[in-house]
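Colleague: My questions all concern the structure below.
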Amino acid sequence: MPDRAEISQIAQKSAVAAAGLAVAGMLAATPALADPEDLDFGQKAEIPSPGGAIDYTVSTLEPSGHNDGVWYSDVTARAVSGSPTPNIADFNARAVNSSTYAVMKGDKPDGLPNQPLTAGSQTTGRIYFDVRGGTAPDSVVYRDAGGTDKVVWKD
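Numbering (mature numbering (1 follows the signal peptide of the UniProt record, and there is no 0)) for the sequence shown: -34 to -1, 1 to 121.
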């Protein structure tokens, strides 16, 4: 029959093993935060949108040419399923120093339309970023409503 010291050691080892299993179980159950998808300009990314899904292709990121601190990207949105509406407000420009610039609000004559698309149809337009006084951006980022980066387009 084991004495008290042996029982105490067995109990300690059992408690340590149980704690280790509990921690391992919590880590396994915690979803990993996925890194955003990194793409080159011109590549497409399928992103779920209200009403369906859209393949976005961001082709460029460059200054407007008016020395006004405004930059733009040419974007194509193709409805993959349903009748989704492009989420223009979810696009941002980002600089190498992590400065992030939100898309400018308001309708632009050459802007990406903010209207529902029928499945299989596509539209192309520009999205504009106000970078006045900031570091020049080098990428376009699609962030979900929770602020999580989903896709990053860059050269």
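From the three backbone atoms N, C-alpha and C, an ideal C-beta is built for every residue, glycine too.
Rounded to a whole number of angstroms, what is the C-alpha to C-alpha distance between Y108 and G99?
Modeller: Indexing the sequence shown from 1 puts residue 108 at position 142. Indexing the sequence shown from 1 puts residue 99 at position 133. Between Y108 and G99, the C-alpha separation is close to 22 Å.
Colleague: Given that a residue counts as buried once 16 or more other Cβ atoms are within 10 Å of its Cβ, and exposed if not, what is D56?
Modeller: By one-based count along the sequence shown, residue 56 stands at place 90. Label assigned to D56: buried.
Colleague: Are the C-beta atoms of D4 and some chain C residue less than 8 Å apart?
Modeller: As a matter of chain content, chain C is missing from the structure shown, which is built from one protein chain.
Colleague: Between the beta-carbon of T66 and the beta-carbon of V41, is there less than 8 Å?
Modeller: Reading the sequence shown from its first residue, position 100 is the one you call residue 66. Reading the sequence shown from its first residue, position 75 is the one you call residue 41. No, the Cβ-Cβ distance between T66 and V41 is not below 8 Å.
Colleague: Between G112, V106, D115 and A111, which lies nearest to Q9 when the distance is taken from Cα to Cα?
Modeller: In the sequence shown, residue 9 corresponds to position 43, counting from 1. Among G112, V106, D115 and A111, the Cα nearest to that of Q9 is on V106.
Colleague: Is A11 helix, strand or coil when you go by DSSP?
Modeller: Start at 1 with the first residue of the sequence shown, and residue 11 comes out as number 45. Looking at A11 - three-state DSSP - the assignment turns out to be strand.
Colleague: Could you check what DSSP says for A55 in three-state terms: helix, strand or coil?
Modeller: In the sequence shown, counting from the first residue as 1, residue 55 sits at position 89. Residue state, collapsed to three classes: helix.
Colleague: Counting along the chain, where does the beta strand (DSSP E) carrying Q88 start and finish?
Modeller: What you label residue 88 is simply residue 122 of the sequence shown in a count that begins at 1. From DSSP, the beta strand (DSSP E) with Q88 extends over Q88 to D96.
Colleague: To the nearest angstrom, report how far apart D34 and P50 are at their CA atoms.
Modeller: Stepping through the sequence shown from its first residue, residue 34 is reached at position 68. Stepping through the sequence shown from its first residue, residue 50 is reached at position 84. Rounded to the nearest angstrom, the two C-alpha atoms are 33 Å apart.
Colleague: Reducing DSSP to helix, strand and coil, say where G113 ends up.
Modeller: For this step, residue 113 is matched to residue 147 along the sequence shown. Coil.
Colleague: Roughly how many whole angstroms lie between the Cα atoms of S47 and A19?
Modeller: Within the sequence shown, numbered from 1, the residue matching residue 47 stands at position 81. Within the sequence shown, numbered from 1, the residue matching residue 19 stands at position 53. Rounded to whole angstroms, S47 to A19 spans 5 Å at the Cα level.
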